[in-house]
Amino acid sequence: MIPALLLFGMLSAIGERFDEGSEVMELATTSDPSNIIAWCMRGLFYEMQTERVLEEMCYEEAVRVWRGRKERTYLTIGGGREGGGREEDTIRARDSHREGTREEEEERDGEGGEGEREATTGSGPSTTPGEQQDLSPAEASGTDEPTASSKVEVHPEAPPTTEAPPTTSGDEREREDPRSAVFLQTASFLLDVHALKFAEMCLGHVVTSSSSPPPSLYHLLAARLHLHRGHYSQARDCLTSALQTDIQSSWAWSLLGHTHYQLGEFPEAQQAFERCLLLQTPPPNQHSALLHLAHILYNEKKFSQAKEMYLRACRASPSGLTWRGVGVACYKMGELGESETALCEANILNNTDPLTWAYLTLVCLKTGRPVEAEQALKFAVKTGLRTGEEVVEEIRQEMTSHSGDHAHQHIPHLLTQLS
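FYI, the numbering for the sequence shown is -15 to -1, 1 to 404, going by mature numbering (1 follows the signal peptide of the UniProt record, and there is no 0).
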């Protein structure tokens, strides 16, 4: 509900229905007071009206909520580390206790040896009742079981610290600017819903709210903004900056591959996609990266590799497009059985794709089934197959080998009906 309210408020601001938008924005923040994006977008709403006081109040509230979440996060981490320290102290105390007990036993063994020598000369017992009282209850009973008095005392847990763990590299908690973090989080949401104007406002605040250089995420979001607007050269520059900061960012590599792809730089796109898919953490748009890489490999006539990429896409998110890619790659390699299976799977998921029907026509022609080929071609024409497609020329070439065959006489007539 909150995203719908926020977007309705933004649309009200664009339409200059500020009274209506103000009520909706207030409803969003009162419904979920801990929503950082809601407070930040309410601030953007007031910024459009140049209500500086209300704008700043909303931004400060968003920062306050962000700080609260961070403190709770480090509180949890700190508590876990404190507990681990107490466990180490307990183990250390137990080992110390055992070492002391071992030394006492060795001393008693020495005294026992002298007593044995005295016993051989007719002396009395080696231990007296007074000495017996000095022994621990476990030793006096002659057993190894620890008793209550021999157990290590564990003190009650101390309150957990709220400081960041000292092992955090570079002390990210101190380096991260709260205000920038709020605007970056909001900008990511706005880009997801294609609210480009407001995303640009957030990114502008990131630049002006901190004196330090923008983080890698800023360059990544700026690249997404340029990609939405079709500014591919600017997006490429932003992604280059992002990778200089974080070269292991699979998302940045994926977007860089997409940028090169849109610019027609296919070798560079292939390298970026392959680098992206080799990283351990998959990008959010992995499906798109797999499809683009498969298409590049197909155009390079690397059909086996293209088939593998399409199959990976099928495992992640099966669709008519992914299965059609598998079917076409198999057809190019002469694997007609696998091709037909994949194309039928594509047809189940989307039976309005003319290319799927067209390649099924080719498979049926290759396997000597003219009646089924004719039926498949009818559906291809009906769903919008066009003359300029590569598969149409392949069908015509296949028909030349069946010229004069009465069983194929209707197929050339169907090809003349293409738009």
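Backbone N, C-alpha and C fix where the C-beta goes; we use that ideal spot for every residue, glycine too.
For Lys317, the enclosing alpha helix (DSSP H) has its first and last residue at 305 to 317. Note that the region 263 to 271 touches the region 221 to 239; at least 3 beta-carbon pairs, one per stretch, sit closer than 8 Å.
Rounded to whole angstroms, the Cβ separation of Trp51 and Ala166 is 6 Å, and the two are in contact under 8 Å. The closest CA to that of Ala47, considering only Gly(-1), Ser19, Met33, His190, is found on Ser19. In the three-state reduction of the DSSP assignment, Ile232 falls in the coil class. A direct Cα-to-Cα measurement between Ser239 and Gly215 gives close to 16 Å. With 16 or more neighbouring CB atoms inside 10 Å of its own CB, Gly28 falls in the buried class. Sequence-distant Cβ neighbours of His245 in its own chain, meaning closer than 8 Å and more than five residues away, are Arg221, Phe251, Glu253, Ala254, Ala257. Straight-line measurement puts the Cα of Ala358 at about 15 Å from the Cα of Leu370. Around the C-beta of Ser324, 16 or more other C-beta atoms lie within 10 Å, and the residue is accordingly described as buried. Thr401 sits in coil when the DSSP states are folded into three classes, being neither helix nor strand. Rounded to the nearest angstrom, the Cβ distance from Leu334 to Gly305 is 4 Å, consistent with a contact under 8 Å. As the crow flies, the alpha-carbon of Arg37 is around 29 Å from that of Ser201. Counted as a single uninterrupted DSSP element, the alpha helix (DSSP H) harbouring Asp4 occupies residues 3 to 16.
In this structure, Ala327 keeps its C-beta atom at 8 Å or more from the C-beta atom of Ala298.
Minimum Cα-Cα distance from Leu212 among the listed residues Leu400, Leu241, Ser289 corresponds to Leu241. Shown here, Ala301 sits in a helix according to DSSP, grouped into three states. With distances taken between CA atoms, Glu379 lies nearest to Pro397 out of Pro397, Ala331, Val356, Ser302. In the three-state reduction of the DSSP assignment, Leu347 falls in the helix class.
Contact check for Phe168 against Val191 passes: the beta carbons are separated by less than 8 Å.
CA-CA distance, Leu181 to Leu276, rounds to 26 Å.
Here His179 is exposed: its Cβ has fewer than 16 other Cβ atoms, across all protein chains shown, within 10 Å. At least 8 Å separates the beta-carbon of Ala274 from that of Tyr295.
Around the beta carbon of Asp338, a 10 Å sphere encloses 16 or more other beta carbons of the protein chains shown; the residue is thus reported as buried. For the pair Leu400 and Val377, the CB atoms are nearer than the 8 Å cut-off. Excluding sequence positions up to five before and after His272, its CB lies within less than 8 Å of the CB of Ala298, Ala301, Ser302, all in the same chain and listed in chain order. Within its own chain, the residues whose Cβ lies closer than 8 Å to the Cβ of Thr225, once the five positions on either side in sequence are excluded, are Leu241, listed in chain order. Secondary structure note for Val178: it is in no alpha helix (DSSP H), with a DSSP letter that is neither H nor E. Excluding its 5 nearest sequence neighbours in each direction, Val348 has C-beta neighbours in its own chain below 6 Å: Leu321, Ser324, Glu325, listed in chain order.
Contact between Leu(-10) and Met26 holds: their C-beta atoms lie close to 5 Å from each other, under 8 Å.
Under the three-state reduction of DSSP, Leu362 is assigned to helix. In its chain, beyond the 5 residues on either side, Leu169, Ala172, Ser173, Leu176, Leu188 have a beta carbon closer than 7 Å to the beta carbon of Leu206. Taking the CA atoms as reference points, Ser289 sits about 8 Å from Met318.
Residues of the same chain with a CB within less than 7 Å of the CB of Gln34, apart from the 5 flanking positions on each side, are Phe3 in chain order.
Gly189 carries a helical assignment under DSSP once its states are collapsed to helix, strand and coil.
In the DSSP assignment, Pro252 falls within the alpha helix (DSSP H) that extends over 251 to 263.
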